[in-house]
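Chains as they are written, first to last, in the numbering used here: chain A, 1 to 114; chain B, 115 to 225. Step one of this worksheet: look at the structure below.
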């Protein structure tokens with residue numbers, strides 16, 4: 001059973017398009033994250049939601065808009081895609097108040113903007 | 115200064131070798147510490163948490179030195195399957211408990 005799943009796994013699109021990536025976790029966690037990992041392999045947090053409330057919003061262009069319809073889902077919509085958006089986007093989840101703060105990651109969405 | 119710094123490597127070692135990775139962090143108020151492992155084209159996975167007293171899991175030993183703001187990971191008797199990138203991760207205090215990720219140290223274990 002997949003704990004954290006993301007769709008699509010691969011996304012190739014043209015500059016200027018709008019696209020969405022979906023994430024779902026079946027672990028019963030209350031906190032979910034979006035990370036971006038670029039070609040230099042740096043894993044950078046973008047957003048985090050706790051119980052559908054935005055708690056982390058890093059310096060990310062307005063073109064990126066997360067949406068959490070419920071605790072188990074966190075989607076990422078990207079408007080007007082640019083070349084520099086090409087990266088691997090990872091979703092992750094955890095339980096906020098647990099001492100062991102392990103984050104569980106999805107398999108990643110590989111986005112290529114042409 | 116970066117919030118979490120690691121030597122990017124790559125470390126190339128023969129099978130059976132002992133290898134050590136170091137990591138420093140800048141926020142003295144950091145509360146939690148981890149080593150994650152990331153295989154090529156895969157997601158990061160928790161290798162082990164790092165406790166103040168140091169902890170061991172099989173061939174892996176993690177140490178934390180709060181005074182020097184320094185974390186280490188020691189891998190003994192390295193296997194080919196240990197080849198991966200090892201990410202040092204530090205958890206901040208505060209309500210959002212954000213994790214700060216190092217750039218990772220690349221390890222290649224050679225036959």
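For every residue, glycine included, the Cβ atom is placed at its ideal position computed from N, Cα and C. Quick caveat, the model's predicted, so the values are computed rather than measured.
Interface flag, residue i vs chain A, CB-CB below 8 Å
i: residue 215 of chain B; result: yes
i: residue 158 of chain B; result: yes
i: residue 199 of chain B; result: yes
i: residue 218 of chain B; result: yes
i: residue 168 of chain B; result: no
i: residue 205 of chain B; result: yes
i: residue 211 of chain B; result: yes
i: residue 140 of chain B; result: no
i: residue 144 of chain B; result: no
Cβ of residue i within 8 Å of any chain B Cβ
i: residue 43 of chain A; result: yes
i: residue 108 of chain A; result: yes
i: residue 96 of chain A; result: yes
i: residue 102 of chain A; result: yes
i: residue 105 of chain A; result: yes
i: residue 21 of chain A; result: no
i: residue 90 of chain A; result: yes
i: residue 56 of chain A; result: yes
Collapsed DSSP secondary structure at residue i in the structure displayed
i: residue 153 of chain B; result: coil
i: residue 195 of chain B; result: helix
i: residue 83 of chain A; result: helix
i: residue 46 of chain A; result: strand
i: residue 132 of chain B; result: coil
i: residue 188 of chain B; result: strand
i: residue 124 of chain B; result: coil
i: residue 175 of chain B; result: strand
i: residue 6 of chain A; result: strand
i: residue 144 of chain B; result: coil
i: residue 79 of chain B; result: Given that chain B is displayed from residue 115 to residue 225, the structure contains no residue 79 of chain B and the question cannot be resolved.
i: residue 206 of chain B; result: coil
i: residue 118 of chain B; result: strand
i: residue 159 of chain B; result: strand
i: residue 62 of chain A; result: coil
i: residue 71 of chain A; result: coil
i: residue 165 of chain B; result: coil
i: residue 57 of chain A; result: strand
Own chain partners of residue i with C-beta closer than 7 Å, once the 5 adjacent residues on each side are dropped
i: residue 217 of chain B; result: 120, 122
i: residue 52 of chain A; result: 68, 70, 71
i: residue 194 of chain B; result: 129, 223, 225
i: residue 197 of chain B; result: 221, 222, 223
i: residue 46 of chain A; result: 34, 35, 36, 58, 60, 64
Listed by chain order, chain C residues near residue i by CB distance under 7 Å
i: residue 116 of chain B; result: No chain C appears in the structure shown, which is made up of the protein chains A and B.
Residues near residue i by beta carbon distance below 8 Å, same chain, minus five either side
i: residue 203 of chain B; result: 118, 147, 148, 149, 150, 213, 214, 215, 216
i: residue 13 of chain A; result: 19, 81, 111, 112, 113, 114
Same chain only: Cβ atoms within 6 Å of residue i, ignoring 5 sequence neighbours per side
i: residue 88 of chain A; result: 37, 108, 110
i: residue 131 of chain B; result: 192
- Query: Taking three-plus beta-carbon pairs below 8 Å as touching, is the region 56 to 73 of chain A in contact with the region 122 to 138 of chain B?
  - Reply: no
- Query: Where are the beta strand (DSSP E) runs, 3 residues long or more, that stay fully inside the region 10 to 44 of chain A, in chain order?
  - Reply: 10 to 13, 19 to 25, 31 to 37
- Which runs of the beta strand (DSSP E), 3 residues or longer, sit entirely within the region 87 to 114 of chain A? 87 to 94, 109 to 113
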